[in-house]
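Participant: Encoded as structure tokens, here's the structure I'll be asking about.
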Amino acid sequence: MTCSPAMSYDVRTMRYLLFCLLSLSFNRNLAFVLDKQNPYSQFRKWNAGLNGTLELEFKTDQPNGLLLYTDDGGTYDFFELKLVNGGLRLRYNLGGGAQIITVGSNLNDGHWHKVQVARRDEHTSLAVDGVAQSKTSRGKEFVFGKFSTNSDVFVGGIPPSYNSKLTTLALPSVIFEPKFRGAVRNLVYSDLPGQAPRRQELRHSRDLKSSRISNASGDACERRDPCQHGGVCISTDDGPVCECRDGDYEGAFCERDKAPSEATFRGAEFLSYDLTQTGGEPIVSTQDAISLYFKTRQPNGLLFYTGHEADYLNLAVRDGGLSLTMGLGNGKQEMHIKPSKTRFDDHQWHKLTVRRRIQEITPFTSFCRVSAVVDDVYSEHSHVAGSFTMLASSRAHVGGSLNARALPGARVHTNFIGCLKKVEFSADTLRLNLIDLARTGSKLITVTGRLEYACTATDSADPVTFTTRDAHLILPKWEAVKTGTISFKFRTNEPNGLILFNMGAKPPRADLFAVEMLNGYIYVHVDLGSGGVRVRASRRRVDDSHWHEFLLRRTGRDGRVTVDGANAEFKTPGESNQLELDGPLFVGGLGSEYSASRTPPALWTAALRQGFVGCIRDLVLNGKPQDLTAYARQQDSASVRPACHVLMKQCVSSPCQHGGICSEGWNRALCDCSSTNYGGPTCGRESPTILLNGTQHLTAALGPEHVTQTEELLLRFRTTKAGLLLRTASEHSADRIELAVAAGRVRASVRLGDREKNLLAGGNVADDNWHTVRFSRRASNLKLQVDGGQPVRAETILGKASTLEISTLHLGGLYHPEEEIQMTSTLPNFVGYLQKFVFNGIKYIDMAKTLGIGTSDDNNNIYDTSALIFTGKFVKPDALNVYKSVTFKSKHTYVGLPLLKAYGNTYLDFYFRTTEMDGLLFYNGGKKQDFLAVELVNGHIHCVFNLGDGVVTMKDKLKNFLNDNRWHTVSIRRPTPKIHTLQVDEDLEMHTTSSNLMLELDSVLYVGGVPKDMYTALPVGVLSRQGFEGCMSSLDLPGESPSLIEDAVVPSSSLVSGCEGPTKCTHNACANKGVCVQQWNTYVCDCDLTSFTGPTCYDESIAYEFGPGRGIITYTFPPSAVADTETDKVAVGFVTSKADAVILRVESSNTQDYMQMEIIRGNLFMVYNVGGGDHPLGDEAARVDDGAYHVARFTRNGSRSSLQLDNYAVNIRNPQGGQQSTIFNSMSVVTVGGGAGGARSFSGVLAGLVLDGVRVLDAAAAGDPAAAVRGDARRAHAPLDRDINRMQQTPPSGYGGPGVLDELVYSGAGSGCRDDDEDACVLPDAGSGDDLITPVYVPSTRRPPSKVYKGDTSGKLMKPCDDEDCIEGSGSSSEDITEPEHPATTSGASSTHSMTSPTMSIISTEHIDKSLPGSTVGSTDVATSTKTDTRTTPLDHDNMHAGTVDTATTSDKRTTPSIDHSHTSHQFTPTVTGRHTPDSTHTTEDDTNHIPDYEDPKHEIETRTPTYEIEEGQERIPSRVHPDYNGYEHEITTKWYHPKTTDNRVVPPESEFFATIVGIVASVLIAIILIVIIVLKLVFKLDPSYKVTEDKNYQQGASAALLGNQAHSSYQSGASSAPAGGAGGAARNLQPLPLARNGAALPALAAQPVKRDGIKEWYV
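Position in the sequence shown (first residue = 1) + 376 = our numbering.
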């Protein structure tokens, strides 16, 4: 068969295509995958020589990894190509020093990227995807190594064999770089001298498996992810492989705990590396980090050092803090982290992280930021600037060096002693675990000394410090039934405290073992059940701040106790020889939750609730050391602190206030407030005071088994009479203690058994002054002291064993606790004031207040609990004592205090003052779920906590908000294990929990807020997402009143001392009706509804000019920003002379919802549809096609809306009937400058367009991709300059210079008035020539003025005024004056419309008539006199009613007003004026409070100011609606108030008579027109869609019939009937301009208005 030539050609073509496909497939197979199973690949040497290129392609999803490496065999030259944070970095050396080139970003996007490295002599370049950079090497020789000795090319990593021969690498650190994970193909370079570049094949194919790229991203991990403990699964052809990112785990699936990378350093051991010894290049990076954990008892020691040449970083423990010194380039920096009352040499693990990062500022200057953080809390930040480009490390030391003193930057001269773990040094992608490398024998690390790779230091010898009386630890019981030993060491300077307590529980007597310190001596109590023994174990006082050693050995009934080598032997009574202890061993005290009634009477410190405050260490029970620090970490880690440090004297700073006496405790100041009226840790808080009237009392029940051998009480009183202060009572005996005021002295009576002892002290104590009584009994020793007098002492034998049984305490009177009847007493009840009643450590008056027992009301109801009865009342303090106040200047300010001591009980008091509604006040996180937070939420205090059994929130129930800029008190307590209280001012809230769990807190107590990234991690129940802004003071915590500035462990520079009151918003703070938003120490101006911008809304916003060529700007919301809105706000400023145009249109992406702002026949309209039909809203107050600058503001809330033009009345629409939709669905596109499809395009200038916070024109000017500018639209500058009237906006007070008049008058924010009282401000007259009253129909808008030149004889030229005739603000000039064609009548008033605070002002206006020479029409100049009665009415949110504030001004000067339009305000209130009556009288001040009725015949001249209200029974007046939309109810009800006028005529009678005649003629003409309209309507029956609403009546005066309904103009027809005496009536029937759905206009259906000699007539 013969093939035709055509067929032969087709076959050849098919073969060629098949060959190409096979070639592509072959090439595809050449790509290889690098993963954990194939960590690297090896290729032939690269013949780089002097000129050479290397190309490859890669793709990966990992941001870091070594892509390629080759060198000269370990001398100098090398090429390293690696990914660093998604960018490709080439580091190379050709003998003259290393160079670095970085190209690209986000290269880990999973796509192929082509890389080319090219060199020519000293020039080397790196190109990625066509983007190249190059550098020049230094030196004279640029040949890359020697081809015979150069290394192979390694891709993806380095063979592990190099770990043992680092000296053969020119860059030894490359072995530690992370491996490349991804795919590589098309590796092309020359591999022989003189040979052209070619594609390379694997040198060792058996070590690397080539794979199709389609398999490079398989789904093995999706099918099964076996990785544990955060391991990252990597899919391979052989299944999933785990990469253990967490250094604590290892194994194929990260399932095994990794051997801890920790070591013990004893001063002679350290780790180091020195890359200069191997001739290798240093580790260089743009950022590095050092992270390690340390644990030491030594205050000084070198932790870590790294450096290269003159650069260094030195880290050390110094004086118990953390020291960092750094030298970089020519800059040096030093930091020292040493928090107040916190040390790091406490033999606890502490985490240290140091980060450095270089940022290039100029080609010659860089900036290095350095931060050091300890325990993720204590931090310091700094920076260094210099001529450096990289961070370099050629040597490093860990734990010390041969000569620590000689290291650069050394501040300590000793090596570290303690434990280190997880010492990691990272530099860009490099990450070195130095202890792991040393343990595994890496050749990089040199180990000096015999380093033990474990932390062998035991914690049992570590001391702990008990910081408060309630602090204690609970250990397992002491097993010493027949024999046992116990030993410990202690140290304190406080004389009293219970050290150990262990008790049995078997009846009838419980075995006991206890050790206490009493009056500086050690006592031991032992009871085997058959009788107890009390042994004084120390011969001398041991409260001397030195360490003392205690040892006790016991065998049966015999024992020996040794203190500091001095022995004391004892023998227990009775026959029992076994010590059976069932309960736990308490160390340091019993805590407030342990009932004193369960302790034996002979254990005095337990009865007095005095725990041990000091240090204990080396506790050994029966030869077994006890790790107290471990128990402290698990239990009360806040009150029981590790280590034992002696701090400076605490009383040096005089912490005690109000005359309190300071004494030194163990690292704490002890303030004796007993002689003051104040309490708290530093005598700063007013003590609760009660008032008893002789029939009231406080009774506390202690229980029937409460037996004591010692008592100590304190009481302050104030009285004028004798009476019973205190008496104890027992149900089973007559034993008692009694305190009373008798015969002007204080008498103490003690009765035990049949014996009684009386003591008398003080004199004239019934003098109505405060007196302090102290009484104590120690068995048979009694002491009584009054005030500061000499104590009265007595010693007598009282009863058996001197024990006293107490069941109840009676304060102020003796009453039966159940029947509330007075019991027998020889003394009258107490009448007066009591405070500070403390009995055996319990503050009973404070407890009553905390529990809410008692009332401050006159009706003293009885508040009863099971243990406390109080029938008196608390006395409020005269004033709060504010101390240690600070100001949080912003919501981002916070400080940190040491961990809150709230394990078993809570004590937190503070005052605050703010104007903010919300803010986090306190937060302390804890272990597991525990936490405590105090926050301000919506103006009220929330206390939120979790004890482990659920979140509890307590809230105050005060009626008023607390953000009223007044001081408020907050007190949080836990008086019993199950009761929690929150008191805010006088409101007390209580919560009872079902369990008595402990609050296990951790970390620090944050005050005023938390770090920004913590808010999202706050527990459920904490609502705050910002910090507190305001003042805080008088902070009291358990045992201390810390200063938030001096005692903060996490300080803040934004926290200032004292309470700096808020910078208040003022009425002139924001210009152009900007809204002043109050913040604590500042305010900001919300300019969204102003069309202006800047800090005070004074700066002109970005503007665009739209020419005749149909310019359009569209803004498309990003998909993430498309939202359904229930409220919308639109504002825009514009200048135009076009009478019909669409300004903007907003459309939905998936519904027919839209909003459109447009100009129709020169008036502004807004039409919107949110699903309930079209709702038009218009403003006829002024025409906007006058070439003047106007501001339109539109707001929508659901279906209700408001529209305001400039400062005219607010037009409101509130659709009624049916179900109104409220949501604008999926707002998508904003079209500016025209309607849909560009119809009815706008021409002019638009400025400051804001839609729901989005500044559309700003986005267009900034090149935002969401904004598009098309057609004839371009940036415009100074839009106000386009205003042909040159209308100037008033700046806030302080702007402008002398002589600059405020040409716009503002009320409220931005008014320019400096007086705080707005009523005191006299607003300048606008001075425009529009203030003319004409007896003709006055239109509701102004037309643009026509220019009049010199020599004009038309009568429009105004006569300039002299100084005596000029009205203030009108100006005086010899220049030509122009008069508008259609003078409008204004009151010169400023009308401010508020949607939130509607107010009403009634103005008395004086009308001054004056003829103008040459005028053809009589006119009246208006000067106004302000008499303002402002009434504020509540806002009706449902109807969105707006009010107006009208203020007029007074001037003594009279003139013919100048028509300088730079003084023409668009902020006028439309008024209707009529002929002045000669007999009108002046308005008095009382008259201004009277609002005349509409038909008041006394006032024929009326100034009408609209306020919008809806009242029952009031007739509705039609709203302004769009002329093309009908069928809607009229939603606006407008009520008109007519202020009285005053008669102050200066107009000649001739002019007045002439004006009257013209007015009558005009009235007759209007009446004729009205009749014609009615006849035409009846004959021709107009389109019924435009009906005359005859059921709505206009209430107007006679003048309205003459001038037309200017202020109430409506596009719908209206009827107006003139009252008797009126000259006629007028009706307006405007023909509509129908609109299509897209906003385009349809052909007009009716005739247009015709202008005749300044009078506008409407006819059909």
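By construction, the Cβ of each residue, glycine as well, lies at the ideal position given by its N, Cα and C atoms.
As the structure is a prediction and not an experimental result, all values here were calculated from the model.
If you measure between the beta carbons of K1511 and V1632, is that distance less than 7 Å?
Facilitator: In the sequence as displayed, the identity of residue 1511 is Val instead of Lys. No, the pair does not count as a contact, with Cβ atoms beyond the cut-off.
Participant: Should Q571 be labelled buried (16 or more other beta-carbon atoms within 10 Å of its own) or exposed?
Facilitator: When all chains shown are included, Q571 counts as exposed.
Participant: I need the boundaries of the alpha helix (DSSP H) containing V1632, first residue and last residue.
Facilitator: Per DSSP, V1632 belongs to the alpha helix (DSSP H) from 1632-1637.
Participant: Straight-line CA distance for L1952 to G1547?
Facilitator: The alpha-carbon atoms of L1952 and G1547 are separated by roughly 38 Å.
Participant: When we look at the beta-carbon of I713 and count the other beta-carbons within 10 Å, is it buried (16 or more) or exposed?
Facilitator: Buried.
Participant: Could you give the DSSP three-state label for C795: helix, strand or coil?
Facilitator: In the structure shown, C795 sits in a strand (DSSP, three-state: E or B).
Participant: Specify the secondary structure class of S914 as computed by DSSP and reduced to three states.
Facilitator: Coil at S914, not helix or strand.
Participant: So for P1018, helix, strand or coil by DSSP?
Facilitator: Three-state result, P1018: strand.
Participant: Within the same chain, show all residues whose beta-carbon is closer than 8 Å to that of Y538, passing over the 5 residues directly before and after it, in chain order.
Facilitator: So the qualifying residues of the chain are T544, L545, I551.
Participant: Which whole-angstrom value describes the C-beta separation of E870 and D920, a residue pair presumed to lie in contact below a C-beta threshold of 8 Å?
Facilitator: Between D920 and E870 the Cβ distance is about 11 Å, and since that is not below 8 Å, they are no contact.
Participant: Give the list of continuous beta strand (DSSP E) stretches no shorter than 3 residues that lie fully inside the stretch 487-572.
Facilitator: Here the runs fully enclosed are 489-496, 499-504, 507-512, 529-531, 558-565.
Participant: Would you kindly work out how many angstroms separate the C-alpha atoms of D1550 and L1579, rounded to a whole number?
Facilitator: Cα to Cα, the separation comes out at about 15 Å.
Participant: Using DSSP's beta-bridge definition, name the partner residues of C1047.
Facilitator: Paired residue(s): C1038.
Participant: Grab me the residues of N1314's own chain with a C-beta within less than 7 Å of its C-beta, minus the 5 sequence neighbours each way, in chain order.
Facilitator: Answer for N1314: M1293, D1294, listed in chain order.
Participant: Less than 7 Å between the beta carbons of G1406 and T1247, yes or no?
Facilitator: Result no, Cβ atoms of G1406 and T1247 do not sit closer than 7 Å.
Participant: Considering only DSSP beta bridges, list what H1356 is partnered with.
Facilitator: BP columns for H1356 point to H1367.
Participant: Three or more C-beta pairs closer than 8 Å, one from the stretch 627-646 and one from the stretch 802-821: is that the case here?
Facilitator: These segments touch.
Participant: If we call anything under 7 Å between Cβ atoms a contact, is A1077 one with A890?
Facilitator: Cβ distance not < 7 Å, so A1077 and A890 don't count as in contact.
Participant: Who are the near neighbours of E1365 in its chain, counting only those whose CB is closer than 6 Å to its CB and skipping five residues on each side?
Facilitator: Taken in chain order, the residues that qualify are M1330, L1358.
Participant: Below 6 Å CB to CB, which residues in the same chain sit around N1322 once its five sequence neighbours on both sides are set aside?
Facilitator: Taken in chain order, the residues that qualify are Q1305, D1306, F1307.
Participant: What is the DSSP secondary structure of S1939, reduced to helix, strand or coil?
Facilitator: Residue state, collapsed to three classes: helix.
Participant: CA-CA distance, G428 and R574?
Facilitator: Their Cα atoms are separated by approximately 12 Å.
Participant: Less than 8 Å between C-beta atoms, sequence neighbours within five positions excluded: which residues of the same chain meet that for H759?
Facilitator: Hits under 8 Å: Q709, F743, C744, R745, V746.
Participant: If you follow the beta strand (DSSP E) that Q418 is part of, which residue opens it and which one closes it?
Facilitator: Here the beta strand (DSSP E) through Q418 covers 417-419.
Participant: If you drop the 5 nearest sequence neighbours on each side, which residues of the same chain put their C-beta closer than 8 Å to that of S581?
Facilitator: Residue confidence is low: S581 scores 39 on pLDDT, short of 50, so the model does not pin down where it sits. Its coordinate-derived value is still stated next. Nothing listed; no residue qualifies.
Participant: Using the beta-carbon count (16 or more within 10 Å), is L1089 buried or exposed?
Facilitator: Result: buried.
Participant: Using CA atoms only, rank isn't needed, just tell me which of V1360, N1257, Y1391, Y1259 is closest to L1296.
Facilitator: Residue Y1391 is the option with its Cα nearest to L1296.
Participant: DSSP puts C609 in a beta bridge; with which residues?
Facilitator: The partner list for C609 (beta bridge, DSSP) reads C618.
Participant: Kindly list the residues whose CB is nearer than 6 Å to the CB of S770, restricted to its own chain and excluding five residues on each side of it in sequence; keep chain order.
Facilitator: Contacts found: L651, T652, P658, H684.
Participant: Tell me which residue opens and which closes the alpha helix (DSSP H) that A1224 is part of.
Facilitator: Per DSSP, A1224 belongs to the alpha helix (DSSP H) from 1220-1226.
Participant: Using CA atoms only, rank isn't needed, just tell me which of L1312, I1355, R1350, T1352 is closest to L1338.
Facilitator: Taking only the C-alpha atoms, the option nearest L1338 is L1312.
Participant: Kindly indicate which residue of A983, P1057, G964, D1389 has the alpha-carbon position closest to the one of A1008.
Facilitator: Selected option, being the one with the closest Cα: G964.
Participant: Can you name the residues that DSSP bridges to Q1454?
Facilitator: Answer is Y1459.
Participant: Just the Cα atoms here: how many angstroms apart are M702 and L808?
Facilitator: Using only the alpha carbons, I get a separation of about 21 Å.
Participant: Output the boundary residues of the alpha helix (DSSP H) element that contains G1007.
Facilitator: Per the sequence presented here, residue 1007 reads as Tyr, with Gly not at that position. Unbroken alpha helix (DSSP H) run through Y1007: 1004-1010.
Participant: Indicate the three-state DSSP secondary structure (helix, strand or coil) for Q663 in the structure shown.
Facilitator: If DSSP states are grouped into helix, strand and coil, Q663 belongs with the strands.
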